[in-house]
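Notes follow the structure.
Pasting the structure below:
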């Protein structure tokens, strides 16, 4: 399935008493990949990361790295390093001693440690900061020290536990870019835990979406956004309109469904393969819906609606639309400030049938 | 507009209270050095004249120096042992999920509230049953019980204040548990260790009841002082000795404070 199974998590579970924090997770993480674990709090993403680091014993299942099981290996023997959420910079050591800590533990000669530490300080763009103490550093600088301290050991895998969570927005964006650059430069496999989906989408080669201790889907950011595999993933990533639909006809290679608020739509039959009368859940992204003032030119199947409210977001505007036959208002996102009609005016609501996603009703 | 904020603005009644409090607390202590330099052997006003003869008299007392040496030996051993045991206890309490955690802590702290005389009698009965001869070792055992709660109480907040992820980070960087303790845990809790050493040393040094029950012919300093109180003519010498101990205590406390400040200069040592 995967071309290069490097870090392989096979049916791993973690139970704390009767509570299952991680529930039979299987993942194949590839060599040199930037892989993110994305999920809300309590989704089990941090517990999974701590099992990879060796801080939490695995209840069942196995973890193999490069073909060898590391399941029962203590953390100090694993060729895996971690950047902690709070960075865990040793307060009694200066920056250089922090970065050289692991090398000293390995018994590397003094001169070699000094050379590698100086090199790492260059890589994380903190040259000359070697003699500073942890409390003299800003949040972003601490993060770089934590990164340097882990990377200087040339781990096979670098684990990052929400490392950007404590930084303000501008610095976070800057560090995102830097992380990505650094990961490409060193070619080390990164496993990155975050609850911020934008961050995950921006950084990752692939993302594992987690909820309730399970991995719902592991895929590229693009596929997760455009082709979510389940309703839960569709709801978690970005904004989504969920509509009820019913299969009402099937004809030469497609089925016709009646979607609430959008009317009759055609879906590829192979993908649906549903009997007549079967209820479906149809989903569409807000930016895939079009708005036209009533009376303007539009497609023949456009549905009628009414603008309930609008939210100005700078580069985009969001509109809440009440569509005929639809119980909840639909969200429409446009890069401009609207179709040029006031609130409460009637509009045409339309979309391409190809943009409709559908899931089995649960 | 007021110059200082609501919380920092001076409050006269509180100031008066603070000065009265300090006066009541410390003025009686000042009488000790005062009468130690008085020529009269009676503690009474008016003072008769200035002398250092009582201090000079101390020099010639072999018993005093023996008991001082006994006390120092016991206090050094007890402070090191109780701090070492306290260090392990504090680490275990904060790092492991122990069943009945608060019960264990309460149990360790028990000697703080159980009267020393009860512990002294109990230990004396036990030791004589076991046929252990009384010596400075038995005194040290008694002092260990008294000092352990002080050591744990000093070290526990230090351990609670520092983040477990520091130790995890060390393990993550390839350093084993033993080296992690010496390279990360110990340096971070070091100010607490120094405070504990100083505190337990002081507690053992002036402990009387346990030493009274558990010592044989080797008296500790508090026992020597107590024995001298029976002789009125020796009283000024006792005052002189007390003045010296007072001076040494002040030096110790200032040293402890200075070391504490060294620890406090790293505010992130305790913050996550």
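Protein chains in written order, with the working numbering: chain A, 2 to 363; chain B, 284 to 555. Don't be surprised by glycine CBs; every beta carbon is placed ideally from N, CA and C. Predicted model only: the values in this text are computed from it and were never measured.
Residues of chain B with a CB under 9 Å from the CB of residue 150 of chain A: which are they? Along the first chain, read from residue 1 onward, the residue named residue 150 of chain A stands at position 149. Near residue 150 of chain A (Cβ distances below 9 Å), the residues of chain B are 452 and 456.
Assuming residue 62 of chain A contacts residue 9 of chain A under a Cβ cut-off of 8 Å, what Cβ separation, rounded to an integer in Å, is found between them? The count along the first chain starts at 1 and reaches residue 62 of chain A at position 61. The count along the first chain starts at 1 and reaches residue 9 of chain A at position 8. With 8 Å as the limit, residue 62 of chain A and residue 9 of chain A do not qualify as a contact, their Cβ atoms being about 10 Å apart.
Could you spell out where the alpha helix (DSSP H) holding residue 453 of chain B opens and where it closes? Here residue 453 of chain B corresponds to residue number 170 of the second chain, with the count starting at 1. 447 to 455 is the span of the alpha helix (DSSP H), which, as asked, contains residue 453 of chain B.
Does the distance from the C-beta atom of residue 318 of chain A to that of residue 337 of chain A stay below 8 Å? The residue labelled residue 318 of chain A in the question sits at position 317 within the first chain. The residue labelled residue 337 of chain A in the question sits at position 336 within the first chain. Yes, the Cβ-Cβ distance between residue 318 of chain A and residue 337 of chain A is below 8 Å.
For residue 477 of chain B, decide whether its Cβ has a neighbour in chain A, counting only Cβ atoms nearer than 8 Å. Walking along the second chain from the start, residue 477 of chain B turns up at place 194. Answer no: the Cβ-Cβ gap between residue 477 of chain B and chain A never drops below 8 Å.
Counting only Cβ pairs nearer than 9 Å, list the residues of chain A close to residue 541 of chain B. Here residue 541 of chain B refers to the residue found at position 258 of the second chain. None at all; the shortest Cβ gap to chain A is about 18 Å.
Which class does residue 516 of chain B belong to by DSSP, given the choice of helix, strand or coil? As a working note, residue 516 of chain B is residue 233 in the second chain. Three-state DSSP puts residue 516 of chain B in a helix.
Quick one: does residue 2 of chain A have its CB under 8 Å from some CB of chain B? Taking the first residue of the first chain as 1, we reach residue 2 of chain A at position 1. With a pLDDT of 46 at residue 2 of chain A, under the threshold of 50, the predicted position of this residue should be treated as unreliable, though the coordinate-derived value follows. Taking Cβ atoms only, chain B never reaches closer than 8 Å to residue 2 of chain A, which makes this a no.
In the DSSP assignment, the alpha helix (DSSP H) including residue 311 of chain B goes from what residue to what residue? Within the second chain, residue 311 of chain B is the residue found at index 28, counting from 1. Looking at the DSSP string, the run of the alpha helix (DSSP H) that includes residue 311 of chain B is 295 to 319.
Between the alpha carbons of residue 388 of chain B and residue 321 of chain A, how many angstroms are there, rounded? The residue you call residue 388 of chain B lines up with position 105 of the second chain. The residue you call residue 321 of chain A lines up with position 320 of the first chain. One C-alpha to the other measures close to 59 Å.
Looking at chain A, is there any beta carbon in it that lies within less than 8 Å of the beta carbon of residue 459 of chain B? Here residue 459 of chain B is taken as the residue at index 176 of the second chain, counted from 1. With 8 Å as the cut-off, residue 459 of chain B counts as an interface residue toward chain A.
Just the C-alpha distance for residue 452 of chain B and residue 149 of chain A, rounded to the nearest angstrom, thanks. Locating residue 452 of chain B in the second chain gives position 169, where the first residue counts as 1. Locating residue 149 of chain A in the first chain gives position 148, where the first residue counts as 1. Approximately 13 Å between the Cα atoms of the pair.
Looking at chain B, which residues of the region 120 to 137 of chain A have a Cβ within less than 9 Å of any of its Cβ atoms? 134, 135 and 136
For residue 196 of chain A, name the three-state secondary structure that DSSP assigns. Here the question's residue 196 of chain A lines up with position 195 in the first chain. Coil.
Identify, in the order they occur along the chain, each residue of the same chain with its Cβ nearer than 6 Å to the Cβ of residue 322 of chain B, setting aside the five sequence neighbours on each side. To locate residue 322 of chain B, count along the second chain from 1; it is residue 39. Once the five neighbours on either side are set aside, the close Cβ partners of residue 322 of chain B are 331, 332 and 334.
Residue 507 of chain B by DSSP, collapsed to three states: which one? Numbered from its first residue, the second chain carries residue 507 of chain B at position 224. Residue state, collapsed to three classes: helix.
My parser needs the beta strand (DSSP E) runs of 3 or more residues fully inside the region 161 to 232 of chain A; what are they? 190 to 195, 207 to 212 and 215 to 220
Short CB-CB distance (under 8 Å) between residue 447 of chain A and chain B: Residue numbering for chain A in the displayed model covers 2 to 363; residue 447 of chain A lies beyond these limits and cannot be assessed.
To which residues of the same chain is residue 75 of chain A closer than 7 Å at the C-beta, ignoring the five residues directly before and after it? By one-based count along the first chain, residue 75 of chain A stands at place 74. Excluding positions up to five away in sequence, the list reads 55.
Looking only at C-alpha atoms, which of A:214, A:82 and A:225 sits nearest to residue 160 of chain A? As a working mapping, residue 160 of chain A is identified with position 159 in the first chain. The candidate whose alpha carbon is nearest that of residue 160 of chain A is A:82.
Residues of its chain near residue 45 of chain A, where Cβ-Cβ distance is below 8 Å and the 5 sequence neighbours each way are ignored: As a position in the first chain, residue 45 of chain A is number 44, starting the count at 1. Answer for residue 45 of chain A: 15, 22, 23, 24, 26, 211, 213, 214 and 215, listed in chain order.
Taking Cβ-Cβ distances shorter than 8 Å, what residues in chain A pair up with residue 510 of chain B? Here residue 510 of chain B refers to the residue found at position 227 when the second chain is read from its first residue. By Cβ distance, chain A contributes nothing, its closest Cβ being about 47 Å from residue 510 of chain B, past 8 Å.
Assign residue 369 of chain A to one of three DSSP states: helix, strand, or coil. Absent from the model: residue 369 of chain A. The displayed extent of chain A is 2 to 363, so no value can be given.
Tell me the start and end of each unbroken alpha helix (DSSP H) in the region 5 to 60 of chain A that is at least 4 residues and wholly inside, in chain order. 46 to 54
Between the C-alpha atoms of residue 295 of chain B and residue 307 of chain B, what's the straight-line distance to the nearest angstrom? As a position in the second chain, residue 295 of chain B is number 12, starting the count at 1. As a position in the second chain, residue 307 of chain B is number 24, starting the count at 1. About 19 Å.
Between the alpha carbons of residue 95 of chain A and residue 146 of chain A, how many angstroms are there, rounded? As a working note, residue 95 of chain A is residue 94 in the first chain. As a working note, residue 146 of chain A is residue 145 in the first chain. Rounded to whole angstroms, residue 95 of chain A to residue 146 of chain A spans 10 Å at the Cα level.
If I follow the unbroken beta strand (DSSP E) through residue 349 of chain A, where does it start and stop? As a first step, residue 349 of chain A is located in the first chain; it is residue number 348 there, counting from the start. Residues 347 to 351.
Can you check which of these residues, A:50, A:308 and A:332, is closest to residue 455 of chain B by C-alpha distance? Looking up residue 455 of chain B in the second chain gives position 172. Checking every option, the nearest Cα to that of residue 455 of chain B belongs to A:50.
Considering only DSSP beta bridges, list what residue 247 of chain A is partnered with. Translated into the one-based positions of the first chain, residue 247 of chain A becomes position 246. Residue 247 of chain A is bridged to A:259 and A:280.
How would you call residue 323 of chain A, buried or exposed, if buried means at least 16 neighbouring beta carbons within 10 angstroms? For the purposes of this step, residue 323 of chain A is identified with residue 322 of the first chain, where counting begins at 1. Per the 10 Å Cβ criterion, buried.
Under 8 Å by beta carbon: chain B residues contacting residue 76 of chain A: To locate residue 76 of chain A, count along the first chain from 1; it is residue 75. Chain B residues near residue 76 of chain A: 451, 454 and 455.
At a CB-CB cut-off below 8 Å, which residues of chain A make contact with residue 462 of chain B? Residue 462 of chain B sits at position 179 when you count from the first residue of the second chain. Here the neighbours are 106.
Rounding to the nearest angstrom, what Cα-Cα distance links residue 358 of chain B and residue 430 of chain B in this structure? As a first step, residue 358 of chain B must be located in the second chain, where it is residue number 75. As a first step, residue 430 of chain B must be located in the second chain, where it is residue number 147. One C-alpha to the other measures close to 10 Å.
is_contact[residue 69 of chain A, chain B] using C-beta, thresh 8 Å: The sequence position of residue 69 of chain A within the first chain is 68, counting from 1. Cβ-Cβ to chain B under 8 Å: no for residue 69 of chain A.
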